[in-house]
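Residue numbers (the working numbering): 2 to 198. Glycine included, C-beta positions come from ideal geometry on N, C-alpha and C. Quick caveat: nothing in here was measured; it's all calculated off a predicted structure. These notes are about the structure you will find just below.
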C-alpha cells in the first residue's frame, strides 16, 4: 500500500454481501412459496388461484435480483485513499458520498470483523473523530452512529490500521502544525521558579 494510492475493497466483499443476501432471501422464497406447495399437496382446488399464490415468491425473487445488481454496483463505486494528511472514502450507487477525515481529527481506530467476514478474510477499519460517534461523543453500543470514515471489505486491514495510526501519532494534538513542547517545558520551569520563591 502506497501513500496517496487509490484502492478498492477486496473482491471478497461481494461474496460477503451475496452470502448475506442468500441468508435473507432463501428463507423468504421458501416461506412465500409454501402456500403453493401446501395447496398442491393438501388442497388441490386452491391451485385454481395459482397466479395469486405465485405473486409473493415472484416479488421476492425480483427484489433479490435487484439487490444482487445493487451489490455489484456498490462494490464498483467504493474507493479509499490514504494521503499524507487525510483518509478519503468514496462510495454510493445513486447518491455519491465522499468522506474526508484529516489525521489531526482522528481519536480512535477500530477493526471490525464478523464471523462471515472472517471466513472471507476481510474486515472494516473504522476511523472515529471526537464528537462524531454516538450521542454523547464516543459512546458505543446499539443505536450509535458509525465511524466518520469506514474502510470496509479490505484484506490488509492491519496494515491500513497501522498506516493511519502512524500518521495520527506523528501529528501534534489538534493539528496545530508546530511542536510546542519546548515552549510548554520552558513555561513550567518559570512557574516552578515563581512557586519556589
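{"Query": "Proximity of residue 129 and residue 149 at Cβ, strictly below 8 Å", "Result": "yes"}
{"Query": "Three-state class that DSSP yields for residue 63 in the structure shown", "Result": "helix"}
{"Query": "Residue 16 CB to nearest heavy atom of the ligand GTP below 7 Å", "Result": "Among the ligands in the structure shown, none appear at all, so the ligand GTP cannot be discussed."}
{"Query": "Simplified DSSP assignment, three categories, for residue 125", "Result": "strand"}
{"Query": "Beta-bridge partners of residue 151, as assigned by DSSP", "Result": "127"}
{"Query": "Coarse secondary structure for residue 10, derived from DSSP in three states", "Result": "coil"}
{"Query": "Burial state of residue 12, where buried means 16 or more other Cβ atoms lie within 10 Å", "Result": "exposed"}
{"Query": "Beta-carbon spacing of residue 43, residue 55 below 8 Å", "Result": "no"}
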